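Student:
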Amino acid sequence: MPKLKITLARGLAGEKEVHRKVAHALGLRKTNQTVLREDSPQIQGMVYAVRHLLKVEKVA
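Start counting at 1 in the sequence shown, then tack on 3, and there's your number in our numbering.
#1: Cα-Cα, which of Leu11, Ser43, Val50 is closest to Arg32?
#2: Near Val59, which residues of its chain fall below 8 angstroms by C-beta distance, leaving aside the five closest residues on each side in sequence?
#3: Quick check on Val53: does DSSP put it in helix, strand or coil?
#4: Using the Cβ count rule (16 or more neighbours within 10 Å means buried), how would you classify Leu39?
#5: Do you know how far the Cα of Asp42 is from the Cα of Glu20?
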């Protein structure tokens with residue numbers, strides 16, 4: 004299954020609590036922190052919820 008390289012491009016200060024919780028669930032806590040996650044419908048839904056904060060790339 005392909006992976007997604009997910010980077011927190013903007014900080015979480017001033018964001019809604021639910022957006023902070025989604026970012027933390029993805030493993031993102033600090034600005035410019037990057038994680039690799041499997042490309043699944045669950046992860047895609049989480050990314051969609053906070054897409055304005057993230058930079059996402061597909062990795063082979």
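Just so you know, even glycine gets a beta-carbon here, dropped at the ideal spot from N, CA and C.
All values derive from a computational prediction rather than experimental measurement.
Tutor: Taking the coordinates as given:
#1: Leu11
#2: Leu7, Lys8, Ile9, Thr10, Val50
#3: coil
#4: exposed
#5: 25 angstroms
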